[in-house]
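Enquirer: I have a structure I would like to understand better, so I am pasting it below and will then ask my questions one at a time.
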Amino acid sequence: MPAHPDPSPTLRSRIRFIATMGAVFVIVVGAYLVLARAYTDHRRATAPLPDAERRTDACSLWFIGSSTIFKWSTLAADMAPWDAHNRGVNGAIIPQITDWLTNEPPGPPPAAIVFYGGENDIDGGATGAQALTSLDRFLTLKTRRYGPLPVIAISLKPSPSRWSERPQQIVFNDGLRRLAAVRDDLHVVDIQSSMLVNGRPGPFYIADGIHMNAIGYARWTARLRPALAHILPADAMARCRTIAGRR
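So for the sequence shown, the UniProt record's numbering puts the first residue at 1; every next one is plus one.
Written as structure tokens, this is what we have:
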């Protein structure tokens, strides 16, 4: 068979040009993606928790934590007359929450912080003890910024889809109680038993087996409201009820 003729110089030039432009395109797009990721990471690292621009006063409660807090759609009504600020972030782990609190703008503190975190840390590979160490760092930052401001930590819930992680969750919850025993500013609301039926997670979760349905949040509310009444000054509730009635 006759050999195929070599491409013409013009065709070879076009092929080289296309190859060069393709390589340039890949480099430019790659650099753009790297810069975009760096910019996004920088914004996240330097951002405060959500709802930072909202006015805070002595009737405010900051609900800080992961998606279990973020998805609490009835929070404002459930906590009235307290002015509940939902400052949860989907997928958050405790070190991220600590970083975001570092970036909190100056302003008056709330009456208390209600905290839920550690579940995603353990799901991501941290042990219960490691997640507890992260919480201790969060509390150190809280004290540096807000002094003896009360923190009400909610124990980790027994989720159906994370049942295999339950042993490490128990390590965290047990450590949480021990930490509260030596810190005047830390209080624990243990919701574990209210989320179990015959020793297994009850019907308090949506289809993903991680996040709660309305019944689950109602059970949390039933545990949390009496705890707030016990932990926070008695006259604060009456004062905040009066303020809420004027709004």
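Ideal placement from N, C-alpha and C gives every residue a C-beta, glycine not left out.
Across the stretch 136 to 153 and the stretch 194 to 203, are there enough close Cβ pairs to call them in contact, namely three or more that are closer than 8 Å?
Expert: no
Enquirer: Run the CB neighbour count on Asn198, radius 10 Å, all protein chains shown included, and call it buried at 16 or more, exposed below.
Expert: exposed
Enquirer: Bridge partners of Asp153, per DSSP?
Expert: Note on identity: in this sequence residue 153 is Ala, with Asp being the wrong assignment. Note: Ala153 sits in a beta bridge opposite Phe115, Val188.
Enquirer: Give the range of the alpha helix (DSSP H) segment to which His230 is assigned.
Expert: 214 to 231
Enquirer: Does any C-beta atom of chain B lie closer than 8 Å to the C-beta of Leu11?
Expert: Any reference to chain B falls outside this structure, which holds one protein chain only.
Enquirer: Who are His211's beta bridge partners in DSSP?
Expert: None, per the DSSP bridge assignment.
Enquirer: Are the beta-carbon atoms of Val188 and Leu176 separated by less than 8 Å?
Expert: Closer than 8 Å, so yes.
Enquirer: Can you have a look at Leu135 and say buried or exposed, based on whether 16 or more other CB atoms are within 10 angstroms of its CB?
Expert: Under this definition Leu135 is a buried residue.
Enquirer: Please list the segments of the beta strand (DSSP E) lying wholly inside the stretch 75 to 118, counting only runs of 3 or more residues, in order along the chain.
Expert: 83 to 88, 112 to 116
Enquirer: Buried or exposed for residue 328, going by 16 or more other Cβ atoms inside 10 Å?
Expert: Residue 328 lies beyond the range of the chain shown here (1 to 247); nothing can be said about it.
Enquirer: What do you get for His230, buried or exposed, if any count of 16 or more other CB atoms within 10 angstroms of its CB means buried?
Expert: exposed
Enquirer: Which value, in whole angstroms, describes the spacing of the CA atoms of Arg137 and Thr98?
Expert: 8 Å
Enquirer: Are there three or more Cβ pairs, one per stretch, closer than 8 Å when the stretch 228 to 244 is compared with the stretch 111 to 123?
Expert: yes
Enquirer: With DSSP as the reference, identify every bridge partner of Ile64, one or two as the case may be.
Expert: Arg87, Phe115
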